[in-house]
């Protein structure tokens, strides 16, 4: 796989995986099992899925020092964690069960 394809795949996974996790939670899991603990598990899985895309994206940048990669990963994790309420609300509103 070329670096451009890997970068593209990494960006798609970084941005799309949290949405897909929340949408699958809202449409498949939430109608059967509802609760705060299940939503927290979905949020944690969403962050981890997005970070897997960062791993794909970080492979071409392996020449960078580890502390820079760790800093970029930390910044991405903070941004995804801050976006979790909005992503979750949009996913649950897509089922028709909105505030």
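Numbering (this note's numbering), first residue to last: 962 to 1060. We treat Cβ as the ideally placed atom computed from N, Cα and C, and that holds for glycine.
The beta carbon of residue 1003 sits closer than 8 Å to the beta carbons of 982, 983, 986, 990 and 1049 from its chain, once the five residues preceding and following it are set aside; these are given in chain order. Closest by C-alpha distance to residue 1037, out of 999, 1059 and 971, is 971. For the pair residue 1059 and residue 963, the Cα-to-Cα distance works out to about 42 Å. Counting only residues of its own chain and dropping the five nearest sequence neighbours on each side, residue 996 has no CB closer than 6 Å to any other CB.
Where residue 1041 is concerned, the enclosing alpha helix (DSSP H) starts and stops at 1027-1054.
Secondary structure at residue 977: helix, using DSSP grouped into helix, strand and coil. With a beta-carbon spacing of about 4 Å, residue 975 and residue 1014 fall inside the 8 Å limit used to define contacts.
Straight across, the Cα-Cα distance linking residue 1031 with residue 1054 is about 34 Å.
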